[in-house]
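Data first, discussion second: the structure below is written as structure tokens.
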Amino acid sequence: MYSKGLKPLSIATVVALTTTLALVFFYAPNDADQGFVQKIFYVHVPMAIVALGGFVAGGIMAIKHLRSGDPSWDMRSYVAIHLSIILGLGVLVTGSIWARASWGHWWVWDEPVLVSFLVTFLLYCVYYPLRFSIEDPERQARYSSVFAIAAGAFVPLNFTAVRLAQSFTHPRVLSQTGGNLPGEMRLTFLVAIVAVTLLFVTLWKLELTAKSASMRLKRLRRKLEEQRELEVVA
Amino acid sequence: MISAARAILRKDLLLEVRTKESVPAMALFSITVFVLFHFGLDRNSIDGSLASGVLWVTLLLAAVIAVVRLFAAEREQGGIDGLLLAPVDRTALFVAKACALFVFLVALEVVALPVFSLLLLGPDLLDAMPELIAVLLLADLGLAAVGALVAALASESRARELIVPILLLPLLVPLLIAAAQATEPLLRPEAVTEDLGRWLGVLSLYDVVFLLLSVGVFDYLLED
Chain A
1478 MYSKGLKPLS IATVVALTTT LALVFFYAPN DADQGFVQKI FYVHVPMAIV
1528 ALGGFVAGGI MAIKHLRSGD PSWDMRSYVA IHLSIILGLG VLVTGSIWAR
1578 ASWGHWWVWD EPVLVSFLVT FLLYCVYYPL RFSIEDPERQ ARYSSVFAIA
1628 AGAFVPLNFT AVRLAQSFTH PRVLSQTGGN LPGEMRLTFL VAIVAVTLLF
1678 VTLWKLELTA KSASMRLKRL RRKLEEQREL EVVA
Chain B
17 MISAARAILR KDLLLEVRTK ESVPAMALFS ITVFVLFHFG LDRNSIDGSL
67 ASGVLWVTLL LAAVIAVVRL FAAEREQGGI DGLLLAPVDR TALFVAKACA
117 LFVFLVALEV VALPVFSLLL LGPDLLDAMP ELIAVLLLAD LGLAAVGALV
167 AALASESRAR ELIVPILLLP LLVPLLIAAA QATEPLLRPE AVTEDLGRWL
217 GVLSLYDVVF LLLSVGVFDY LLED
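Those protein sequences? They're chains A and B, same order as listed.
In terms of the numbering used here, the first sequence is residues 1478 to 1711.
In terms of the numbering used here, the second sequence is residues 17 to 240.
What follows is the structure in structure tokens.
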């Protein structure tokens, strides 16, 4: 079910990622003040955007799960959140490297988006211990969905609050938002976002395919076991 | 639904008055933490952002204690089955628990604030007064809503005492930011109100979002 379209999607992802890398290294100009280091922005920011989108998508899938009771929605939600957490880790690491290279510190509290992201990431990390400490599978799925919805609602609140707090104490250090990027950088940035989104969707489908296949295998094995036991009895 | 909620709330408050479990523990914890801060910061008196931070972090950590115990009676003595069998909207349970938590927090603050003023706070607490009460009430509302939700989420978990702090505290970050920012100017040597409206607005938004969310989602936590 999930593997439909997986091959063309994977090919599209590889093409997009290669194009992005080519654009980043050969097309986009070096930034005036930060130089070559600024190029990590093309990896860091798209990952952050896609990770946050993934969290919100996970929340929406969780709502669908609660409303329909269909466990496959819970699986989709879980995989989306799981992938976003991994991407989130990448965001924090690349952000840290970028901070070190441009401002000399591994971590800065000045940048509101990075701080909000850290808090969001910490919150979502709790998803795993919460999920795996509940034994009953149906309850596990339901409680995880509730958490995913609460956390999804939390993301915009958190970003707003942190930004509001920061703008009064520190000047905005990073002003490279999409608004004032020159043309070549903007193109590269957009291609990068598309590439990371494709990567996310491909990995999501891939993981769901693997999980559903292994679940079906388990079910078939169990049926086989039951069949064998019946034969022995008979 | 309201009468059911009121009945459950009355039960919880009576239980607390008789067993004296949560509120004294929270109060004692807060006082101890203030003493720890005295030694940790090596300061006799604090004001401004430091005072605001110490106060709010202490209150949040004390709230964790109450949240862990919030559904304890239902869980340990099987009250949850009775509540689920009753022909009553299950949201009543959430409303009652959130109100109980709110009352516990207010009771805590009645004790913790004077002690804070006595032990650590430099400027006079009364200067901060009517505005500080507004901040506290709005923050307590948010704490109650999120706390009741997290208590229910964690109640079925094996690792309840571990899950509650790591689940509750990140969710409370926006509330902490707004509350601390609102309180900071009130606790300066010359108390002023700066941006109070903005931060009360953020707190109200947070409260509304999480109240609506919790009420919407709570039913799914009690299905069996």
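Glycine is no exception: its CB is placed at the ideal position from the N, C-alpha and C atoms.
Residue 1544(A) - containing alpha helix (DSSP H), residue span | 1518 to 1545
Could you tell me the distance, in whole angstroms, from the CA atom of residue 45(B) to the CA atom of residue 79(B)?
-> 10 Å
Members of the region 164 to 175 of chain B that neighbour chain A once the beta carbon cut-off is set at 8 Å = 165, 169, 170, 172, 173, 174, 175
The alpha helix (DSSP H) spanning residue 1700(A) covers which residue range?
-> 1660 to 1710
Which value, in whole angstroms, describes the spacing of the CA atoms of residue 200(B) and residue 208(B)?
-> 9 Å
According to DSSP, is residue 62(B) helix, strand or coil?
-> strand
Just how far apart, CA to CA, sit residue 203(B) and residue 163(B)?
-> 26 Å
Within the same chain, show all residues whose beta-carbon is closer than 7 Å to that of residue 1670(A), passing over the 5 residues directly before and after it, in chain order.
-> 1523, 1526
DSSP state of residue 143(B), grouped into three classes?
-> helix
Could you say which of 182(B), 169(B), 188(B) lies nearest to residue 1712(A) if we only look at CA atoms?
-> As displayed, chain A neither begins before 1478 nor continues past 1711, which places residue 1712(A) out of reach and without an answer.
First and last residue of the alpha helix (DSSP H) that includes residue 1582(A)?
-> Counting along the chain, residue 1582(A) falls outside any alpha helix (DSSP H), and DSSP gives it neither H nor E.
Can you tell which of 160(B), 66(B), 181(B) has its C-alpha closest to the C-alpha of residue 1599(A)?
-> 181(B)
Alpha carbon to alpha carbon, what distance is there between residue 21(B) and residue 168(B)?
-> 16 Å
Verify the CB distance criterion: does residue 194(B) have a CB-CB separation below 8 Å to chain A?
-> yes
Endpoints, alpha helix (DSSP H) assigned at residue 1611(A) = Where residue 1611(A) is concerned, there is no enclosing alpha helix (DSSP H), given that its DSSP letter is neither H nor E.
Apply the 10 Å Cβ neighbour rule to residue 113(B) and answer buried if 16 or more other Cβ atoms are within range, or exposed otherwise.
-> buried
Assess, as a yes-or-no matter, whether the region 41 to 56 of chain B is touched by the region 134 to 143 of chain B under the definition of 3 or more beta carbon pairs within less than 8 Å.
-> yes
Taking Cβ-Cβ distances below 8 Å as the criterion, which residues of the region 1621 to 1639 of chain A are in contact with chain B?
-> 1622, 1623, 1624, 1626, 1627, 1628, 1630, 1631, 1634, 1635, 1637, 1638, 1639
Contact the region 123 to 133 of chain B vs the region 28 to 47 of chain B: 3+ CB pairs below 8 Å | yes
Pick out whichever of 178(B), 97(B), 161(B) has its Cα sitting closest to the Cα of residue 110(B).
-> 161(B)
Kindly indicate which residue of 1586(A), 1559(A), 1560(A) has the alpha-carbon position closest to the one of residue 1572(A).
-> 1586(A)
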